[in-house]
Amino acid sequence: PEQCQWVEHLNRFLGECVEPNCPEHGLVEARRVCVERQSCMGVTCAAGGSPCSARVGTPYLEASPTGEVSHVYECPDRPSGMGSWQTPPQLSASALPVVPPSR
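In the numbering used here, the protein residues as written are 1313 to 1415.
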């Protein structure tokens, strides 16, 4: 079975909010919103880790002038940034593992 996971990207942002007026959430809630929207490519958070918002990803993982951190849901059979995804219903946004960035 494929092993999808949230991958953290330091000092990167995803453009264009998924929700109207770009409401801010905690990380787990922003991931939940993202998982429910096919147009969502990930979540971008402020430099301190919160608040966060679900993002469409246009532009995709651009350098952040304010030190934002983005979390992208990546699956082995789908290159990141290529199209939309759906999480299997048995996975929740909080249960998905986070992979620390490689240094």
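Just so it is clear, CB atoms sit at the ideal spot from N, CA and C, and this is done for glycine as well. The structure presented is a predicted model; accordingly, all values stated were derived computationally and were not measured.
Paired residues, beta bridge with residue i - DSSP
i	result
R1367	C1329 and G1354
V1381	L1322 and C1357
E1374	F1325
E1386	Q1317
Residue i burial status per 10 Å Cβ neighbour count (16 or more: buried)
i	result
L1322	exposed
S1382	buried
G1354	buried
Contact under 8 Å by Cβ, residue i with residue j
i	j	result
V1330	C1357	no
E1386	C1316	yes
G1338	R1367	no
S1376	F1325	yes
E1380	A1359	yes
Distance between residue j and residue i (C-alpha atoms, nearest Å)
i	j	result
V1319	S1365	16 Å
E1374	V1347	21 Å
T1370	E1341	21 Å
R1344	T1378	24 Å
P1332	Q1350	15 Å
M1394	Y1372	With a pLDDT of only 39 at M1394, under the threshold of 50, the placement of this residue in the model should not be trusted, and no figure is reported.
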